Amino acid sequence: MPSLIFRKGLDLKHAVAGMLADNYHSAIVEQIKAEDFSYRAGRLTVHLAREFGFCYGVDRAVDYAYQTRERFPDRTVYLTGEIIHNPHVNDKLRTMGIRFLSDAGGNLDQLGSSDVVILPAFGVTVAMLESLDRRGCTLIDTTCGSVLNVWKNVRRYAEGGFTSVIHGKVWHEETQATASQAVQYGGKHIVVFDREETAIVCDYIRRGGDAAAFLDRFKNAVSPGFAPDSDLQRIGLANQTTMLMTESLEIGDMIRQAMLDRYGAHDLHTRYQAFDTICSATQDRQDAVVALLREKAVDLMIVIGGYNSSNTANLARICADARPTFHIADPDCLISRDEIRHRPVGAKGEMSTAGWLPLEGSLTIGLTSGASTPDNLVGAAIARLSEFCA
Ligand code: SF4
Numbered sequence: 058m059p060s061l062i063f064r065k066g067l068d069l070k071h072a073v074a075g076m077l078a079d080n081y082h083s084a085i086v087e088q089i090k091a092e093d094f095s096y097r098a099g100r101l102t103v104h105l106a107r108e109f110g111f112c113y114g115v116d117r118a119v120d121y122a123y124q125t126r127e128r129f130p131d132r133t134v135y136l137t138g139e140i141i142h143n144p145h146v147n148d149k150l151r152t153m154g155i156r157f158l159s160d161a162g163g164n165l166d167q168l169g170s171s172d173v174v175i176l177p178a179f180g181v182t183v184a185m186l187e188s189l190d191r192r193g194c195t196l197i198d199t200t201c202g203s204v205l206n207v208w209k210n211v212r213r214y215a216e217g218g219f220t221s222v223i224h225g226k227v228w229h230e231e232t233q234a235t236a237s238q239a240v241q242y243g244g245k246h247i248v249v250f251d252r253e254e255t256a257i258v259c260d261y262i263r264r265g266g267d268a269a270a271f272l273d274r275f276k277n278a279v280s281p282g283f284a285p286d287s288d289l290q291r292i293g294l295a296n297q298t299t300m301l302m303t304e305s306l307e308i309g310d311m312i313r314q315a316m317l318d319r320y321g322a323h324d325l326h327t328r329y330q331a332f333d334t335i336c337s338a339t340q341d342r343q344d345a346v347v348a349l350l351r352e353k354a355v356d357l358m359i360v361i362g363g364y365n366s367s368n369t370a371n372l373a374r375i376c377a378d379a380r381p382t383f384h385i386a387d388p389d390c391l392i393s394r395d396e397i398r399h400r401p402v403g404a405k406g407e408m409s410t411a412g413w414l415p416l417e418g419s420l421t422i423g424l425t426s427g428a429s430t431p432d433n434l435v436g437a438a439i440a441r442l443s444e445f446c447a
């Protein structure tokens, strides 16, 4: 029996609104927003970025997960993996009895037609969707509209004979799902992570080279049967929605220039296409933190969000270029006025730093949070900072 798919919620928004507010809202954050996004207590001033925290896609995904639990109290409800990249929210869903297929012991083969499966905001691969469909599970699809927009462009590239060059993280669920769309529609793809990888692709476009070495370099990042000599002749650019906007634009310029150098201006429109697929929520948060850094004389920045959250990591990158920056996963990382646990930009793991907070004199902290960070964590962080500075 094919799956039953819910794509627009379960008509229980009103029933879960109170629970969502209790779990994720913050009175102190609401108050700070009302007071021009600034908070003052004694020697401490905190400036919040004007756009931060839950984006529309995350808000909707979490809402649908709560509605699912409400609608199917007696059925086993699964998530294919993290619904969003925030440990606090994922743990909350676990306490509600929602199981994660990505947790130890989770197995797709155990699912049957009586099971309910929530698909996360960043979508799932075509193979995963087909597998769930074959099992006849009830599916709650929370894939964000901005991700669907990327898929639409990638499908169009595939149908038009363009190879999708995806600026993204090859290990990220969203990029894997996007890449699978290209394959599904008979297209090719290659994922580039940064300018360095893009430069290798551009070099091959201009001069060709050793195909075997190229494929070895990108072995986990290309579609099956990828042939650089033929598959880099027509290119369509797409992005993981949460990448750094400035870097994505630069990567687009690099590839466009390489195509121009190789094929000339008269042929460019048949060789290269680009659509900006960074989502507006990601862009708004990046713009807001740039504005905060420009307009406020902050001593340091705190960025709150899961360490595996792409958009949070990019906010931290922007901040770290301008000020001492601490990317923390949650308020518990603010251990004391002398010690903080954080992940430095570009590092793989978390570390502790002593003496992170100036102990005397007035102190101005800039604060933002990723699109998967609920306001209650921001509020708790501000309360802790306030204690430290009392
Ligand atoms: S970050 Fe953008 S694409 Fe991802 S869920 Fe939020 S709005 Fe959607």
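In terms of our numbering, the sequence shown is residues 58 to 447.
Cβ atoms here follow ideal geometry from the backbone N, Cα and C, with glycine treated the same way.
What you are looking at is a predicted structure, and each value in this text was computed from that prediction instead of being measured.
How far does the beta strand (DSSP E) with residue i in it reach, from first residue to last?
i, result
"His384", "382-385"
"Val173", "173-176"
"Val222", "220-224"
"Ser426", "420-426"
"Ala331", "329-331"
"Val183", "Premise fails: Val183 lies in the alpha helix (DSSP H), 183-191, not in any beta strand (DSSP E)."
In chain order, what residues of the same chain have a beta carbon less than 6 Å from the beta carbon of residue i, not counting five sequence neighbours either side?
i, result
"Asn296", "His224, Ser305, Thr334, Ile335"
"Thr195", "Leu61, Val173"
Quick check on DSSP: helix, strand or coil for residue i?
i, result
"Ala295", "strand"
"Val248", "strand"
"Leu67", "coil"
"Thr232", "helix"
"Thr410", "strand"
"Ala98", "strand"
"Tyr81", "helix"
"Glu396", "strand"
Whose CA, out of the options, lies closest to the CA of residue i?
i, options, result
"Tyr214", "Val227, Trp228, Ala236, Ile197", "Ala236"
"Glu253", "Leu69, Ile308, Ala268", "Ile308"
"Ser203", "Phe275, Gln340, Asp120", "Gln340"
"Tyr329", "Arg291, Leu101, Asn277", "Arg291"
"Pro415", "Ala447, Ala440, Thr430", "Ala447"
"Thr382", "Met358, Arg374, Ala404, Arg400", "Met358"
"Gln343", "Gly321, Val249, Asn368, Lys353", "Asn368"
"Ser287", "Lys70, Ala315, Phe219, Gln238", "Phe219"
"Tyr96", "Pro431, Ile422, Ser429", "Ile422"
"Gly154", "Glu127, His142, Pro177, Gly169", "Glu127"
Taking 7 Å as the limit between beta carbons, can you name the residues of its chain near residue i, skipping five residues before and five after?
i, result
"Ala379", "Leu350"
"Ala125", "One point to set straight first is that residue 125 is Thr, not Ala, in the sequence displayed. Taken in chain order, the residues that qualify are Leu67, Val134, Val173, Ile175, Ile197."
Determine the extent of the alpha helix (DSSP H) in which residue i is found, giving its start and end residues.
i, result
"Glu127", "113-128"
"Ile439", "432-445"
"Val103", "Per DSSP, Val103 belongs to no alpha helix (DSSP H); it is in the beta strand (DSSP E), 101-105."
"Met316", "302-320"
"Tyr214", "202-216"
"Ala377", "367-377"
"Met153", "Unbroken run through Met153: none, as it is neither H nor E."
"Arg342", "337-352"
Tell me which same chain residues have a C-beta within less than 8 Å of the C-beta of residue i, skipping the five on either side of it?
i, result
"Val435", "Ser83, Val86, Leu105, Phe109, Gly110, Ile361, Leu424, Ser426"
"Leu205", "Gly180"
Quiz item: Near ligand 1, which residues have their beta-carbon less than 6 Å from any of its heavy atoms, given in chain order?
Solution: Residues whose Cβ lies closer than 6 Å to any heavy atom of ligand 1, listed in chain order: Cys112, Tyr113, Gly114, Val115, Ala178, Cys201, Ser203, Val204, Thr298, Thr299, Cys336, Ala338, Thr339, Asn368, Ala428.
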